[in-house]
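Residue numbers are given in the UniProt record's numbering: position 202 of the sequence shown equals residue 203, and the series is strictly consecutive.
Every residue gets a Cβ at the ideal spot worked out from N, C-alpha and C, and that includes glycine.
Owing to the predicted nature of the structure, the values given are computational and were not obtained by experimental measurement.
Heads up: the structure comes next, in structure tokens.
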Amino acid sequence: PSRSEITYFGAGPALLPTEVLEDAAKALINYQDTGLGIAEHSHRSQLATDIINKAKADLASCLDVPEDYEILFMHGGGTGEFSATAYNFAGAWVANKQKELGLDSTKPEDVQKLKEVVNKDLKLDYLVTGGWSQKASAEAERLFGAEHVNIVADSRKENGGKFGSIPDESSWNLSKDAALVYYCANETVDGVEFPAFPKALEPGPDGKGPIVIADMSSNILTQKIPVKNFSAIFFGAQKNLGPTGITVVILKKSFLPPVTSQPSPALMRKLGLPIPPIILQYETIAKNNSLYNTLSIFDVYIIGQVLQRMLKTYPDKVAGQQAVTDKKAQLVYDAIEAYPDVYRVIPAKATRSRVNVCFRVSKGDDVDAAEKAFLAQGTAQGLTGLKGHRSLGGIRASLYNSVPLEGAEKLAKFIRDFATS
Ligand code: PLP
2 PSRSEITYFG AGPALLPTEV LEDAAKALIN YQDTGLGIAE HSHRSQLATD IINKAKADLA
62 SCLDVPEDYE ILFMHGGGTG EFSATAYNFA GAWVANKQKE LGLDSTKPED VQKLKEVVNK
122 DLKLDYLVTG GWSQKASAEA ERLFGAEHVN IVADSRKENG GKFGSIPDES SWNLSKDAAL
182 VYYCANETVD GVEFPAFPKA LEPGPDGKGP IVIADMSSNI LTQKIPVKNF SAIFFGAQKN
242 LGPTGITVVI LKKSFLPPVT SQPSPALMRK LGLPIPPIIL QYETIAKNNS LYNTLSIFDV
302 YIIGQVLQRM LKTYPDKVAG QQAVTDKKAQ LVYDAIEAYP DVYRVIPAKA TRSRVNVCFR
362 VSKGDDVDAA EKAFLAQGTA QGLTGLKGHR SLGGIRASLY NSVPLEGAEK LAKFIRDFAT
422 S
């Protein structure tokens with residue numbers, strides 16, 4: 002089929018707007034009449050810097066990112082950030098602890114004291130609500146050891162070993178002074194999304210609160226977010242922003258020099274803690290405006306084009322996109338819920354995702370045959386990419402920003418037609 006004949010609901014990478022790709026195809030051959038394609042220009046050129054700065058400014062505008070946040074473009078994907086967040090925030094915790102206790106890293110007795118504090122109190126807190134936050138917590142354990150990782154809650158405990166909900170905040174076991182509290186705002190595989198910023202993590206009246214880190218790989222730019230409540234937000238570009246290859250970090254500047262500097266490698270070694278590869282160290286990337294090494298400027302260019310398009314389409318920026326996202330989700334869930342004998346949404350209603358709709362199909366006893374028929378008939382109508390994740394099975398409809406409202410309408414109609422056929 003041609004591109005215009007299908008609506009693609011794949012979980013990522015996702016579709017990019019066709020007009021952005023058409024412009025990009027020209028830019029790949031000859032960017033702005035320079036005779037060189039966008040992927041061939043030096044990342045050290047003014048042209049590259051302009052692309053980076055514009056994309057940063059437009060992202061900040063779309064999401065209302067406050068002035069005291071830095072935006073980093075990195076490589077390594079969401080998975081790279083599982084490591085980077087653990088390294089950088091553990092390092093920041095050590096640096097701030099050292100300062101708070103007035104310890105001198107050139108004095109062996111002070112280093113010993115700091116080591117005792119680290120051994121006792123360094124905790125990385127993780128909310129495990131799906132496969133991705135589970136992987137992030139496993140990476141923290143691999144790097145720092147299980148003794149430094151605290152699982153605040155694990156939704157598998159309340160669902161007979163399966164993900165599908167978010168444990169009530171009253172059951173969360175938060176550390177007192179954690180180096181980070183990590184959660185995945187939208188679990189792409191399991192279809193579980195935090196409906197709002199967790200109350201338990203909100204800053205107090207003095208503006209101080211826990212150091213909150215969120216993985217927003219699959220729901221960034223689909224809703225307004227209270228950026229000021231986070232110390233870092235990260236996301237791979239490949240679902241709502243651009244092609245695979247760039248990971249964005251929105252980082253509170255107080256975690257960067259001159260306020261916070263990562264401890265020296267020598268000190269970290271003495272404390273028995275791991276040192277990040279330089280490419281994952283935020284202060285290095287920030288100091289170089291994301292150009293410490295060869296960044297894919299082509300990818301940043303596409304991100305910039307997608308953001309420009311969003312700003313032109315929605316005068317109220319991400320709020321406009323949010324209204325469309327909510328409507329798409331409503332259409333699809335309403336269709337599913339209209340036929341409880343045929344469809345079953347997998348996650349709990351209160352925390353089901355607006356962007357990854359996970360459900361099962363059955364007609365009679367044979368779920369497998371019903372889902373195969375659902376996928377085949379959907380594909381015949383140009384509705385593709387609906388197969389669920391291999392670990393979960395079933396159907397997953399991803400309603401990222403490039404799926405238009407009409408795409409969700411077509412899917413909702415198909416869901417209703419299939420149920421009654
Ligand atoms: N976090 C979430 C929520 C994801 O959906 C994904 C991938 O789909 C990742 C992290 C991992 O990202 P990557 O494949 O870029 O490492």
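Taking a cut-off of 8 angstroms on C-beta distances, the region 231-241 does not touch the region 52-59, as fewer than three cross pairs fall below it.
T19 and R310 have their C-alpha atoms some 12 angstroms from each other.
The alpha-carbon of N289 is positioned some 34 angstroms away from that of Q113. Excluding its 5 nearest sequence neighbours in each direction, K318 has C-beta neighbours in its own chain below 6 angstroms: C63, listed in chain order. Counting the other CB atoms within 10 Å of its CB gives T421 a total below 16, which places it among the exposed residues. In the structure shown, Y340 adopts coil according to DSSP, grouped into three states.
Distances between the C-beta of W133 and the heavy atoms of the ligand PLP include at least one below 8 angstroms. Here the C-alpha atom of S176 lies approximately 16 angstroms from the C-alpha atom of K98. Counting along the chain, no beta strand (DSSP E) covers A186, and no H or E run does either. Around the beta carbon of T107, a 10 Å sphere encloses fewer than 16 other beta carbons of the protein chains shown; the residue is thus reported as exposed.
For F236, same chain residues with a beta-carbon under 6 angstroms away, outside a window of 5 residues either side, are M217, S218, I221 and V249 in chain order. Only residues of its own chain outside the window of five on either side were considered, and among them H42 and L48 have a CB closer than 8 angstroms to the CB of T35, listed in chain order. In this structure, the C-beta of S422 stays at least 8 angstroms away from each heavy atom of the ligand PLP. Taken atom to atom, the span from the alpha-carbon of F74 to that of D65 is near 18 angstroms. Under DSSP, A398 forms a beta bridge with V358. Distance between A85 and N31, taken at the CA atoms: about 36 angstroms. Here A141 has A87, L125, Y127 and V150 as same chain residues with Cβ atoms under 7 angstroms from its own Cβ, once five neighbours each way along the sequence are excluded.
Looking only at D327, T295, F419 and K240, the smallest Cα-Cα distance to T50 is reached by T295. The region 338-351 makes no contact with the region 239-256: fewer than 3 CB pairs, one atom from each, lie closer than 8 angstroms. With respect to the C-alpha of Y401, the residue from E148, E6, T189 and S156 having the closest C-alpha is T189. The ligand PLP has no heavy atom closer than 8 angstroms to the beta-carbon of D122. Rounded to whole angstroms, the gap between the alpha carbons of K163 and A351 is 16 angstroms. For the 9 angstroms CB-CB criterion, D335 and A398 do not form a contact.
In this structure the region 362-379 does not touch the region 200-209; the number of beta carbon pairs closer than 8 angstroms is below three.
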